[in-house]
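These notes concern the structure reproduced below.
In full-length UniProt numbering, the protein residues as written are 1 to 174.
Right, dumping it as structure tokens:
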């Protein structure tokens with residue numbers, strides 16, 4: 001079996017989604033790049049454990065999850081400031097600015113959740129993992145993941161519509 005070839009396929013398949021997951025957790029380009037480098041270095045060092053690319057997805061995200069935890073243990077006093085430095089391009093249209101503003105409001109709501117809930121949301125929406133895959137990656141039951149994410153989404157919707165002064169039921173009828 002050619003483990004280097006399997007590693008290359010795994011890298012090509014999962015790099016983008018793992019990077020998005022890491023970046024959403026650390027909110028800093030340079031830290032995310034350092035962490036993803038560590039993730040794929042660890043995977044390469046253990047490439048003989050790769051049975052097939054699709055079957056390794058949970059393993060890859062578990063390594064990423066553990067590397068993020070290690071990063072925060074070592075750098076517990078670092079404050080992510082990149083979001084304050086990155087103000088966007090000047091040539092953005094009104095709609096892009098409006099979407100960024102709405103996303104910033106949703107992000108504020110998500111930031112109030114416990115770390116475990118935020119992590120599940122990141123894995124689901126940034127990492128693109130299924131509930132079963134999230135459960136395996138963070139070592140909890142699939143039902144716990146489903147209920148936690150469902151409750152979080154309900155809270156996000158309710159808080160967002162309250163924030164913009166609307167009624168969630170009115171928005172559904174439109």
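Quick reminder that beta carbons are idealized off the backbone N, C-alpha and C, glycines included.
Using the Cβ count rule (16 or more neighbours within 10 Å means buried), how would you classify residue i?
| i | result |
| --- | --- |
| residue 64 | buried |
| residue 1 | exposed |
| residue 163 | exposed |
| residue 32 | buried |
| residue 49 | exposed |
| residue 175 | Absent from the model: residue 175. The displayed extent of the chain is 1 to 174, so no value can be given. |
| residue 122 | buried |
| residue 133 | buried |
| residue 28 | buried |
Relative to the alpha-carbon of residue i, which residue among the options has its alpha-carbon at the smallest distance?
| i | options | result |
| --- | --- | --- |
| residue 59 | 43, 68, 13, 70 | 43 |
| residue 152 | 108, 136, 133 | 108 |
| residue 47 | 9, 21, 19, 72 | 9 |
| residue 71 | 116, 118, 146, 22 | 22 |
| residue 159 | 55, 38, 24, 111 | 111 |
| residue 39 | 148, 67, 104 | 67 |
| residue 15 | 5, 57, 27 | 57 |
| residue 143 | 161, 126, 125, 120 | 120 |
| residue 20 | 149, 6, 35 | 35 |
| residue 149 | 141, 124, 133 | 124 |
| residue 53 | 118, 45, 11 | 11 |
| residue 3 | 45, 13, 74, 29 | 45 |
Is DSSP giving residue i helix, strand or coil here?
| i | result |
| --- | --- |
| residue 91 | Summary for residue 91: the model assigns pLDDT 42, below 50, so the residue's position carries little reliability, and this model does not support an answer. |
| residue 112 | coil |
| residue 128 | coil |
| residue 147 | helix |
| residue 2 | coil |
| residue 141 | coil |
| residue 162 | helix |
| residue 28 | coil |
| residue 46 | coil |
| residue 53 | coil |
| residue 78 | With a pLDDT of 45 at residue 78, under the threshold of 50, the predicted position of this residue should be treated as unreliable, though the coordinate-derived value follows. Coil. |
Anyone know if the C-beta pair for residue i and residue j falls short of 8 Å?
| i | j | result |
| --- | --- | --- |
| residue 135 | residue 61 | no |
| residue 128 | residue 17 | yes |
| residue 156 | residue 106 | yes |
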